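Shown next, in structure tokens, is the structure this report addresses.
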Amino acid sequence: MRVDRKVIRAAAVLLTVLTLLLAGALLRFLWGEGSFPGGAQAWTSEPPETDEGELLYYNDTWYAPRKDVETVLVLGLDRSEQEGVWTTGEYAQSDFVLLLEIDRTAERWKVLHINRDTMVEIQDFDQYGKPSGTYTAQLALAYAHAQAYTRNDTTAAHTAMDAVSGLLYGVEIDHYMTVTMDGVMLLNDLAGGVEVEIKDDFSAVDPTLVQGERVLLLGEHALNYVRSRWYVSDNSNLARMARQREYLEALQKKLSGLTEGDEGFAMSALLELSQHMTSDCTVERLAELAETLRTFEMEEYAALEGEAVINEQNYVEFRVDEAALQRLVIEDFYAPAENPE
0 MRVDRKVIRA AAVLLTVLTL LLAGALLRFL WGEGSFPGGA QAWTSEPPET DEGELLYYND
60 TWYAPRKDVE TVLVLGLDRS EQEGVWTTGE YAQSDFVLLL EIDRTAERWK VLHINRDTMV
120 EIQDFDQYGK PSGTYTAQLA LAYAHAQAYT RNDTTAAHTA MDAVSGLLYG VEIDHYMTVT
180 MDGVMLLNDL AGGVEVEIKD DFSAVDPTLV QGERVLLLGE HALNYVRSRW YVSDNSNLAR
240 MARQREYLEA LQKKLSGLTE GDEGFAMSAL LELSQHMTSD CTVERLAELA ETLRTFEMEE
300 YAALEGEAVI NEQNYVEFRV DEAALQRLVI EDFYAPAENP E
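Numbering (numbering that gives the first Met the number 0), first residue to last: 0 to 340.
The following block contains the structure:
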């Protein structure tokens, strides 16, 4: 069977882009880094409807939703079929949450990292799997809770999409993509592993990661290296972020070289990876998105600002800075509109 080279090239691009997305997903941004002055701005409680859509009033200006920005929600699921890989339970939480924003007018795209502990309003379900009110909890639970009550991965993904949309004041989420931890390990092993110098004491987590030695990370050991924080001698988030940056730069470099030099590798790797992915996009649509990202300019990663606190149940809650969030939503998803009055 003859395979169109355009399809193969698109597969290679998609693999590279997915690697980039996974890399960004594993990075942990500092909580509360920087802030915008002032409190939350005045948003109209009953926005008027116009031909441009529902308007928002912000800083003495009316804004209309842009129709040239496409969004893809990427969920990294805490799910694995491999022995020895720790997960949170039968139903997969969203270990990382990314929103891919594609600006088709400016021909730019960016990745917005959303803290998994962000407090959001989530659709609840009754014992029969029917929608039943809402509740407030960490975003990571949106997929897992819906999956537990509906036994439906698509419903679970859309529940997470709705939660993110609500967080962003109603911004529409167009598509979703999920990737399991097995997918992360597969990317690592397809690259032939990643060699790093172990600069911390991992003896309580993984005895194969010997401090002071250079180690080729394969399989679950790669996950242990980039995910572990507790029971490591330096359990600060800064130390973990430094490890992740070093690892991810090496992984991206190896995979980029492989996909550029061997189109057959890219196609076969994508087929293997597809077993650990789900999406509401067709293969053709994913290929088109990949080609778009290849030709558009990528902006720097962005993250929601806010504060992490420990609640009464001793769980972490990430509470977003509303003023900063409003400014981000306006800048990314809205454009000035004519005064409706």
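We put the CB at the ideal spot given by N, CA and C, even for glycine. It should be emphasised that the depicted structure is a prediction, and the values quoted were computed from it without experimental measurement.
Short Cβ contact (8 Å threshold) for residue i with residue j
i	j	result
Asp116	Thr277	no
Glu304	Val319	yes
Leu140	Met184	no
Ala91	Asp77	yes
Val93	Leu167	The identity of residue 93 in the sequence shown is Ser, whereas the question assumes Val. In this structure, Leu167 does not lie closer than 8 Å to Ser93 by Cβ.
Thr177	Gln122	no
Glu120	Trp108	no
Asp199	Gly218	no
His112	Ala307	no
Leu254	Ala190	yes
Leu250	Val193	yes
Ala156	Leu98	no
Val204	Val231	yes
DSSP state of residue i mapped onto helix, strand, coil
i	result
Arg65	coil
Gly38	In this prediction, Gly38 scores a pLDDT of 37, lower than 50, which makes its location untrustworthy; the coordinate-derived value is nonetheless stated afterwards. Coil.
Tyr168	coil
Arg103	coil
Asp123	strand
Lys252	helix
Phe95	strand
Ala343	Residue 343 falls outside the range modelled here, since the chain spans only 0 to 340, and no answer is possible.
Ser131	strand
Thr207	coil
Val423	This structure does not reach residue 423, given that the chain is present from 0 up to 340, and the question cannot be answered.
Glu298	coil
Tyr342	There is no way to answer for residue 342, as the model of the chain reaches only from 0 to 340.
Identified DSSP bridge partners for residue i
i	result
Glu194	Leu215
Val308	Glu316
Val73	Leu97 and Met176
7 Å CB neighbourhood of residue i in its chain, flanking five on each side removed
i	result
Phe332	Pro64, Arg65, Val68 and Val170
Asn338	Trp61
Gly132	Asp123
Arg242	Tyr224 and Val225
Glu245	Val195
Lys129	none
Ser227	Phe201 and Val204
Ala334	Tyr62, Ala63 and Arg65
Spatial distance of residue i from residue j (CA atoms)
i	j	result
Asp173	Asn114	20 Å
Gln146	Thr154	7 Å
Val163	Leu324	12 Å
Trp229	Tyr314	15 Å
Gln312	Val209	35 Å
Thr149	Ala143	10 Å
Glu290	Tyr134	39 Å
Pro206	Ile197	11 Å
Arg104	Glu299	Note that residue 104 is Thr in the sequence shown here, rather than Arg. Each residue's Cα considered, the two are about 18 Å apart.
Ile309	Phe95	19 Å
Tyr127	Glu316	29 Å
Glu321	Glu212	45 Å
Met118	Arg326	19 Å
His220	Ala336	52 Å
Val110	Leu216	26 Å
Glu406	Glu106	Residue 406 is absent from the structure shown; the chain starts at 0 and stops at 340.
Residues near residue i by beta carbon distance below 8 Å, same chain, minus five either side
i	result
Met160	Leu72, Ile172 and Tyr175
His275	Val178, Thr179, Asp181, Gly182 and Leu185
Gly70	Contrary to the premise, residue 70 reads as Thr rather than Gly in this sequence. Taken in chain order, the residues that qualify are Leu98, Leu99, Glu100, Ile101, Val170, Glu171, Ile172, Asp173 and His174.
Asp125	Ser131 and Tyr148
Gly165	Val119 and Glu120
Ala136	Met118, Val119, Ile121 and His144
Close-in-space but distant-in-sequence residues of the same chain around residue i (CB under 6 Å, 5 per side omitted)
i	result
Cys280	His174
Lys252	none
Val328	Leu167 and Tyr168
The ligand FMN heavy atom lying under 7 Å from the CB of residue i
i	result
Arg318	Looking at this structure, you won't find the ligand FMN or any other ligand, since it has none at all.
Minimum Cβ-Cβ distance from residue i to chain B less than 8 Å
i	result
Asn223	No chain B appears in the structure shown, which is made up of a single protein chain.
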